[in-house]
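K.L.:
Residue numbers (the working numbering): 6 to 321.
Structure representation (structure tokens):
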């Protein structure tokens with residue numbers, strides 16, 4: 006068994022299809038199939054079950070996924086460590102992020118990382134619950150994760166760092182005459198207008214479906230007896246802002262959406278009393294690759310800033 010076989014194996018796992026995996030690996034499908042048969046023969050167990058044109062992992066295959074990822078990551082770490090001695094600061098960091106923190110603070114942190122390490126690259130996978138982010142990191146699918154939750158989730162087997170707290174804001178359609186006046190989109194968050202929860206009474210809201218984190222946050226805001234009208238429930242929160250911009254209704258969102266919303270012409274106000282989305286950074290407990298270590302330093306630098314957007318927002 007060698008690293009090439011493990012890389013091929015993980016590509017098949019990722020795509021759940023030999024043809025698509027071969028295309029991504031830039032090899033012929035028969036060569037990939039032969040490599041997997043050789044690996045199965047060396048291990049003495051089947052790794053896949055063929056189902057139609059696709060595949061599913063066998064029990065043995067499922068058990069191999071995490072060790073295979075760890076082996077390849079350790080090889081990358083060894084290669085990067087050796088190259089760094091010669092001044093070659095190359096490497097790739099693998100992250101997973103929920104959508105809201107994937108806008109901010111991840112965009113700002115990523116800009117810092119790529120500016121300081123221009124020869125390093127990053128991949129960011131999507132997850133939609135805190136539990137999913139933690140699972141990605143614990144199983145080795147990603148080294149690092151960024152999540153948002155009402156509180157820091159229990160995370161046995163990983164390391165966590167609190168990055169910031171994002172207050173919830175009300176995003177209103179363009180032309181509604183509410184929120185940030187045109188031309189003042191980039192003013193300090195502490196001067197942004199506020200709206201009390203009771204003033205949401207009878208407002209038409211666009212929200213996520215029940216059971217989602219964003220819906221839980223909205224329900225918390227409305228729990229004080231506010232009689233807002235939910236007009237649209239969406240599967241993915243990325244659909245919310247376009248509907249607000251189209252005039253369908255208002256939306257309660259984390260402050261990470263503020264800049265994008267204001268740039269697009271929407272109006273943004275803080276909601277009082279304040280509800281917070283806690284943004285947490287997660288890393289695997291094992292040793293990190295040099296690229297992941299470098300990214301973690303950028304996260305720690307951001308979290309240490311006393312003038313971060315979260316602090317300013319909460320002062321309003």
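For each residue, glycine too, the CB sits at the ideal point set by N, CA and C. Being a predicted model, the structure only gives us computed values, none of them experimental.
Would residue 69 and residue 14 be called neighbours here (beta carbons separated by less than 8 Å)?
P.N.:
Yes, they are a contact pair.
K.L.:
Output the boundary residues of the alpha helix (DSSP H) element that contains residue 204.
P.N.:
Element bounds for residue 204: n/a, residue is neither H nor E.
K.L.:
Which residue from 229, 272, 167 puts its Cα closest to that of residue 301?
P.N.:
Closest by alpha carbon: 167.
K.L.:
Thinking just about the alpha-carbon of each residue, which of 256, 225, 226, 228 is nearest to the one in residue 239?
P.N.:
The shortest Cα separation from residue 239 among 256, 225, 226, 228 belongs to 256.
K.L.:
Could you tell me how far apart the beta carbons of residue 303 and residue 117 are, in whole angstroms, since I believe they sit closer than 8 Å?
P.N.:
Right, their Cβ atoms sit about 5 Å apart.
K.L.:
Alpha carbon to alpha carbon, how far is residue 244 from residue 45?
P.N.:
For residue 244 and residue 45, the distance between alpha carbons rounds to 44 Å.
K.L.:
For the 8 Å Cβ check, are there 3 or more pairs between the region 271 to 285 and the region 124 to 131?
P.N.:
No, they do not touch.
K.L.:
Use the C-beta contact count for residue 9: other C-beta atoms within 10 angstroms, 16 or more gives buried, fewer gives exposed.
P.N.:
The residue in question, residue 9, is exposed, as its Cβ has fewer than 16 Cβ neighbours within 10 Å.
K.L.:
By the DSSP assignment, the alpha helix (DSSP H) with residue 250 in it spans what residues?
P.N.:
Its alpha helix (DSSP H) spans residues 245 to 250.
K.L.:
Based on the DSSP output, what are the partners of residue 170 in its beta bridges?
P.N.:
According to DSSP, residue 170 bridges with 283.
K.L.:
Do residue 169 and residue 277 have their CB atoms nearer than 8 Å?
P.N.:
No, these two residues do not count as a Cβ contact at 8 Å.
K.L.:
In this structure, how does DSSP classify residue 23 when only helix, strand and coil are distinguished?
P.N.:
Here residue 23 sits in helix by DSSP.
K.L.:
Less than 8 Å between the beta carbons of residue 261 and residue 105, yes or no?
P.N.:
Yes, the pair counts as a contact, with Cβ atoms nearer than the cut-off.
K.L.:
Helix, strand or coil: how does DSSP classify residue 52 here?
P.N.:
Of the three classes helix, strand and coil, the one that applies to residue 52 here is coil, per DSSP.
K.L.:
Going by CA-CA distance only, name the one from 149, 174, 135 that's closest to residue 159.
P.N.:
Nearest option by C-alpha distance: 135.
K.L.:
So which of 72, 221, 26 has the shortest CA-CA distance to residue 156?
P.N.:
Residue 156 has its Cα closest to that of 221, out of 72, 221, 26.
K.L.:
Which one or two residues does DSSP pair with residue 157 in a beta bridge?
P.N.:
Residue 157 pairs with nothing; no bridge assigned.
K.L.:
Do residue 5 and residue 82 have their C-beta atoms within less than 8 Å of each other?
P.N.:
The structure shown has nothing for residue 5, since the chain only spans 6 to 321.
K.L.:
Nearest-angstrom Cα distance between residue 18 and residue 231?
P.N.:
Approximately 47 Å between the Cα atoms of the pair.
K.L.:
What is the C-beta distance between residue 100 and residue 149, in whole angstroms, given that I count them as a contact (C-beta under 8 Å)?
P.N.:
Right, the Cβ-Cβ distance comes to about 5 Å (below 8 Å), so this counts as a contact.
K.L.:
Going by CA-CA distance only, name the one from 61, 242, 122, 172 that's closest to residue 132.
P.N.:
Among 61, 242, 122, 172, the Cα nearest to that of residue 132 is on 242.
K.L.:
What's the gap between the Cα of residue 322 and the Cα of residue 114?
P.N.:
With the chain covering 6 to 321 only, the question about residue 322 has no answer from this structure.
K.L.:
Please state the DSSP three-state secondary structure of residue 302.
P.N.:
Residue state, collapsed to three classes: helix.
K.L.:
Residue 299 and residue 122: beta carbons closer than 8 Å?
P.N.:
Yes; because the gap between Cβ atoms is below 8 Å, this pair is in contact.
K.L.:
Please classify residue 213 as buried or exposed, where buried requires at least 16 neighbouring CB atoms within 10 angstroms.
P.N.:
Classification of residue 213: buried, given that the 10 Å Cβ count is 16 or more.
K.L.:
Is residue 2 helix, strand or coil by DSSP?
P.N.:
Missing from the structure shown is residue 2; the chain here goes from 6 to 321 and no further.
K.L.:
According to DSSP, which residues form a beta bridge with residue 309?
P.N.:
Partner(s): none; residue 309 has no beta bridge.
K.L.:
Can you tell which of 208, 78, 173, 216 has its C-alpha closest to the C-alpha of residue 198?
P.N.:
Comparing Cα-Cα distances from residue 198 to each of 208, 78, 173, 216, the minimum goes to 173.
K.L.:
Report the partner residues of residue 272 according to the DSSP bridge assignment.
P.N.:
Looking at the DSSP assignment, residue 272 forms a beta bridge with 177.
K.L.:
Check this for me: beta carbons of residue 3 and residue 103, under 8 Å apart or not?
P.N.:
Residue 3 lies beyond the residue range present for the chain, which begins at 6 and ends at 321; the question has no answer from this structure.
K.L.:
Residue 230 bridges to which residues according to DSSP?
P.N.:
Answer by DSSP bridge pairing: none, since residue 230 is not bridged.
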